[in-house]
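Undergrad: So that we are looking at the same thing, I have put the structure below in structure tokens.
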Amino acid sequence: MKDSVILERLNKGDEKALDYLYKKYYRMMTKIVLSNNGTEEEAKDIFQDGLLVFWQKAVRGDLILTSKISTFLYSICLNLWRKELDRKSRLTNEIKDGETYQAGESEEKVKIVRTCIDELGDTCRKILTYHYFDGMSMQDIADKMEFANADTAKTKKYKCKKRLDKLIKSKYTTGDFFD
Amino acid sequence: MTNFSRHTELIDDYLSGGLSASEESSFMELMETDPILKEELLFQQSIVGGLKEYRKDELKQRLNGISVGVGLMGFLMNFATYKLVAAVLTLGIVGYGAFQIIDNDFGKPGSYIDNYKESLSEADYPSVENANLKTTIEWIEISNRVDDHFKELENTKNQIVDNVYISKSEIDKQEDDKTPKLAENSDKNSSDLMVSKSKVTVPAFSLPQFDDVLEEETLAGIELDDYNINNSDFTSDEAGDEIEIKKIQKNNRSLQYKFRQGKLYLFGDFKGKTYELLEINSASDRKLYFYFNKQYFKLDQFQKSVKDLSLITDRRLVKELEIIRNNR
Chain A
1 MKDSVILERL NKGDEKALDY LYKKYYRMMT KIVLSNNGTE EEAKDIFQDG
51 LLVFWQKAVR GDLILTSKIS TFLYSICLNL WRKELDRKSR LTNEIKDGET
101 YQAGESEEKV KIVRTCIDEL GDTCRKILTY HYFDGMSMQD IADKMEFANA
151 DTAKTKKYKC KKRLDKLIKS KYTTGDFFD
Chain B
1 MTNFSRHTEL IDDYLSGGLS ASEESSFMEL METDPILKEE LLFQQSIVGG
51 LKEYRKDELK QRLNGISVGV GLMGFLMNFA TYKLVAAVLT LGIVGYGAFQ
101 IIDNDFGKPG SYIDNYKESL SEADYPSVEN ANLKTTIEWI EISNRVDDHF
151 KELENTKNQI VDNVYISKSE IDKQEDDKTP KLAENSDKNS SDLMVSKSKV
201 TVPAFSLPQF DDVLEEETLA GIELDDYNIN NSDFTSDEAG DEIEIKKIQK
251 NNRSLQYKFR QGKLYLFGDF KGKTYELLEI NSASDRKLYF YFNKQYFKLD
301 QFQKSVKDLS LITDRRLVKE LEIIRNNR
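Sequence order for the protein chains is A and B. In case it helps, our numbering puts the first sequence at residues 1 to 179. In case it helps, our numbering puts the second sequence at residues 1 to 328.
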């Protein structure tokens, strides 16, 4: 499959194109980590993160490829691994210096939101995640979800978001959420 | 549109990156002056953060479900696999070659090694003469096989087999001659692998410390697998000075020993690593030292009860022992 075709499919939020890239470049990209003191698990994580960064850029349409997809992916993964090594090094130094590591402060909040997302219907969940993570346009969401048009998608998104806000607020007090 | 819904829309645009630079700037100013808006922004940030995490996990799960099975090229490119195959092939070739040499040179019937050799197939009999092997895998293979064989002997004879005796000078002689000879221990229990310095029957192959192997240093010298044969050093040339060693596997952290009827009993977990017994004889004295894991220990041959190995910390003595051990 040509890069231009892949990019076109990615732009429409075609997840099968993502699968294709994952399978095609798995060995090549994980090797970056494996040959630089990383484990198989870390290598997989970095490649997945890198591929998802690429996915987001492609779906949002703010990606102009001046090189091959593999080259672009390679540089993303390399940067991510460098950052991870840097993070690990800082963490080690902090532990050495006796600084206590505080596990993600927002983790609890994310957990609360996740529980409520689970309670949303499939359609709402998809619209919201497509919009906020993938950065999909309303038109693309409409196409993907087979809505009449972008306005329908926009209205649905608005309603779904409001429902989620309400759900969270009904289940948890502001104090729980903002401690 | 109410103030609140206008705010919500503004926040949503801000979080989706839909505001222009000037819009973003005025939004930030507004937020600083409006605590309710600020609180709402924090709330919305958490929700959007949660949604992003949710989708990311979903996509990652999808990717995890994809088989990235390695094809032929991938298999060949897999360095670890390549190394393993290369190591096994090398072991096979070297082992076979060494067996041929031993078969020609040591074929005295009735000897221990002859019997031992007969009980193993050619491929199972790993002997290498002055080989500089660089892979751990090979040594694990060798030691495992030899270990397995000796375990069989243990079961049949109820006797641990790791009696050891070999002189450094004899090893050197072997290195020179490259023709190791077969020992005849007809007066000994056949399950004891006693290697007399005057009748050394050691197939010469180098046994590295596994740490060293990992560092891929060149392996040199002749040592034997501690499962069956160990090095001792600086003995007289007379037979009869042999110190039998009986190793008893224990999982305790410290290494211990005792002497009983001239036999050295070792207790502990040697983790398959080589150890050496150094014996320094003078006209009136006999000193025993034990070398293991890059450390030297002093042995008291009159120690009757089980005691921890006593580490030598005297630098001068360690240096001397180092020289003696390396026969420099």
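Glycine residues also receive a C-beta, built at the ideal position from the N, C-alpha and C atoms.
Is the Cβ of A:ASP165 closer than 8 angstroms to any Cβ of chain B?
TA: Answer yes: the Cβ-Cβ gap between A:ASP165 and chain B drops below 8 angstroms somewhere.
Undergrad: Start and end of the beta strand (DSSP E) containing A:GLU8?
TA: Counting along the chain, A:GLU8 falls outside any beta strand (DSSP E), though it belongs to the alpha helix (DSSP H) covering 3 to 11.
Undergrad: In the DSSP assignment, find the alpha helix (DSSP H) that holds A:LYS23 and state where it starts and stops.
TA: Per DSSP, A:LYS23 belongs to the alpha helix (DSSP H) from 15 to 34.
Undergrad: Check whether chain A comes within 8 angstroms of B:GLY49, counting only Cβ atoms and requiring the distance to be less than that.
TA: B:GLY49 counts as touching chain A.
Undergrad: Using DSSP bridges, identify the partner residues of B:LEU288.
TA: Beta-bridge pairing links B:LEU288 to B:GLU279, B:LEU299.
Undergrad: Starting from B:LEU51 and walking both ways along the alpha helix (DSSP H), at which residues does that stretch end?
TA: It spans 35 to 64 - the alpha helix (DSSP H) in which B:LEU51 sits, taken as one unbroken run.
Undergrad: Any Cβ of chain A within less than 8 angstroms of the Cβ of B:TYR14?
TA: Judged by the 8 angstroms Cβ criterion, B:TYR14 is not in contact with chain A.
Undergrad: In whole angstroms, give me the CA-to-CA distance for B:ASP314 and B:GLN295.
TA: Looking at the two C-alpha atoms, the distance is approximately 11 angstroms.
Undergrad: Taking the CB atoms as reference points, tell me whether A:TYR130 and A:GLY13 lie closer together than 8 angstroms.
TA: Yes. Within cutoff.
Undergrad: Pull up the distance between the alpha-carbon of B:ARG325 and that of B:LYS304, whole angstroms please.
TA: B:ARG325 and B:LYS304: Cα-Cα distance of roughly 26 angstroms.
Undergrad: From B:LEU264 to B:ILE245, what does the alpha carbon distance come to, in whole angstroms?
TA: The straight-line gap from Cα to Cα measures roughly 5 angstroms.
Undergrad: Taking DSSP's pairing of strands, which residues face B:TYR265 in a bridge?
TA: B:LYS246, B:LYS258.
Undergrad: Distance check for B:LEU63 and A:ASP19, CA to CA, integer angstroms please.
TA: Each residue's alpha carbon lies about 7 angstroms from the other.
Undergrad: Are B:LEU332 and B:GLN44 close, meaning C-beta to C-beta below 8 angstroms?
TA: It is not possible to answer for residue 332 of chain B, since the shown part of chain B is limited to 1 through 328.
Undergrad: So, does the CB of B:ARG62 fall closer than 8 angstroms to a CB anywhere in chain C?
TA: Going by chain labels, chain C is absent from the structure shown, which instead holds the protein chains A and B.
Undergrad: Let me know the secondary structure DSSP gives A:LEU65 once reduced to three states.
TA: Three-state DSSP puts A:LEU65 in coil, outside helix and strand.
Undergrad: Please classify A:THR30: is it buried, with 16 or more other beta-carbons within 10 angstroms of its beta-carbon, or exposed?
TA: It counts as buried.
Undergrad: For a test of the three-state rule: what should DSSP assign to B:LYS304, helix, strand or coil?
TA: Here B:LYS304 sits in coil by DSSP.
Undergrad: So the alpha helix (DSSP H) A:PHE54 belongs to, where does it begin and stop?
TA: From DSSP, the alpha helix (DSSP H) with A:PHE54 extends over 40 to 60.
Undergrad: Among the candidates A:THR115, A:LYS126, A:LEU65, A:GLU146, whose CA atom is the shortest distance from the CA of A:ASP3?
TA: Out of A:THR115, A:LYS126, A:LEU65, A:GLU146, A:LEU65 has the C-alpha closest to the C-alpha of A:ASP3.
Undergrad: Can you list the residues of chain B that A:ILE168 reaches, using a CB-CB cut of under 7 angstroms?
TA: In chain order: ILE47.
Undergrad: When you compare each of B:GLN261, B:LYS247, B:PHE267, B:PHE259 to B:ARG253 by their alpha carbons, which one comes out closest?
TA: Answer by Cα proximity: B:PHE267.
Undergrad: Could you check the C-alpha separation between B:GLU23 and A:SER35 for me, to the nearest Å?
TA: So the two alpha carbons sit approximately 46 angstroms from each other.
Undergrad: Can you check which of these residues, B:LYS307, B:PHE292, B:ASP285, B:LYS250, is closest to B:ARG260 by C-alpha distance?
TA: Of the candidates B:LYS307, B:PHE292, B:ASP285, B:LYS250, the one whose C-alpha sits nearest the C-alpha of B:ARG260 is B:LYS307.
Undergrad: Please list, in chain order, the residues of the stretch 38 to 51 of chain A that have any C-beta partner in chain B closer than 9 angstroms.
TA: For the stretch 38 to 51 of chain A, which is checked against every Cβ of chain B, the residues closer than 9 angstroms are LYS44, ASP45, PHE47, GLN48, ASP49, LEU51.
Undergrad: Can you tell me which of the three DSSP states B:SER310 falls into?
TA: Looking at B:SER310 - three-state DSSP - the assignment turns out to be strand.
Undergrad: Could you check what DSSP says for B:ASN293 in three-state terms: helix, strand or coil?
TA: Note: B:ASN293 maps to coil in three-state DSSP.
Undergrad: I need the straight-line Cα distance from B:LYS298 to B:LYS319, nearest angstrom please.
TA: So the two alpha carbons sit approximately 14 angstroms from each other.
Undergrad: Does DSSP classify B:VAL68 as helix, strand or coil?
TA: Coil, per DSSP.
Undergrad: Please report the residue range of the alpha helix (DSSP H) in which A:ASP165 lies.
TA: Counting along the chain, the alpha helix (DSSP H) containing A:ASP165 begins and ends at 150 to 171.
Undergrad: Can you list, in chain order, the residues of its chain with a C-beta nearer than 8 angstroms to that of A:ILE6? Leave out the 5 residues immediately preceding and following it.
TA: Contacts found: ALA17, TYR20, LEU21, ILE69.
Undergrad: Take A:TYR26 and list the residues in its own chain whose beta-carbon comes closer than 6 angstroms to its own, dropping the five residues that flank it on each side.
TA: Nothing meets the Cβ criterion.
Undergrad: Assign B:SER186 to one of two classes, buried (16 or more other C-beta atoms within 10 Å of its C-beta) or exposed (fewer than that).
TA: With a pLDDT of 37 at B:SER186, under the threshold of 50, the predicted position of this residue should be treated as unreliable, though the coordinate-derived value follows. B:SER186 is exposed by the Cβ-count criterion.
Undergrad: Leaving aside the five residues before and after B:THR135 along the sequence, list all residues of the same chain whose C-beta is less than 6 angstroms from its C-beta, in chain order.
TA: Its pLDDT being 37, under 50, B:THR135 is placed unreliably by the model, and nothing is read from it.
Undergrad: A:LYS154 touches chain B at which residues, Cβ-Cβ below 9 angstroms?
TA: Near A:LYS154 there are no residues of chain B at all, since even the closest Cβ is about 11 angstroms away, more than 9 angstroms.
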